[in-house]
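Letter 72 of the sequence shown, counting from 1, is numbered 234 in the numbering used here, and no numbers are missing. Think of the CB as a built atom: it goes at the ideal place given N, C-alpha and C, for glycine as much as any other residue.
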Amino acid sequence: MKGGFGLSEPRDDLPPLDPTALIVPLAAFDRAGQRIGYGAGYYDQAIERLSKNGPVLTVGIAFSVQEIERVPAEPHDRPLDHLVTETGSVPLRQS
Numbered sequence: 163m164k165g166g167f168g169l170s171e172p173r174d175d176l177p178p179l180d181p182t183a184l185i186v187p188l189a190a191f192d193r194a195g196q197r198i199g200y201g202a203g204y205y206d207q208a209i210e211r212l213s214k215n216g217p218v219l220t221v222g223i224a225f226s227v228q229e230i231e232r233v234p235a236e237p238h239d240r241p242l243d244h245l246v247t248e249t250g251s252v253p254l255r256q257s
């Protein structure tokens, strides 16, 4: 059905769908899978909520120049499972 701005939207009578994988935006990343997002924590909250129903694969897509040595992580931050740049897959060290 058409919604605001003429864009397609799901019908109201359909049940919500919880994804099992998310492409997560980022401004910077490190090899531990930590990322700097865009400041609001929406993806960390969504990953936390969705994980209650089962595992959620998180994939970051970035340019290699966005890699930094260490992202300062906070307890609520969720590390990425995988990261892909223009040069290929980046191995992540998760503790």
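Tell me the DSSP secondary structure of Val233 in three-state form. Within the sequence shown, residue 233 is the residue found at index 71, counting from 1. Val233 falls in the coil class under three-state DSSP.
At what residues does the beta strand (DSSP E) containing Ser251 begin and finish? Here residue 251 refers to the residue found at position 89 of the sequence shown. Ser251 -> beta strand (DSSP E) spans Gly250 to Val252.
Using only CA atoms, which one of Pro237, Pro241 and Gln228 lies nearest to Glu248? For the purposes of this step, residue 248 is identified with residue 86 of the sequence shown, where counting begins at 1. The shortest C-alpha separation from Glu248 is found at Gln228.
Starting from Leu258, trace the beta strand (DSSP E) both ways and give me its first and last residue. In the structure as shown, the chain starts at 163 and stops at 257, and residue 258 therefore has no counterpart that could be examined.
In this structure, does DSSP put Ala208 in helix, strand or coil? For the purposes of this step, residue 208 is identified with residue 46 of the sequence shown, where counting begins at 1. In this structure, Ala208 counts as helix in the three-state DSSP scheme.
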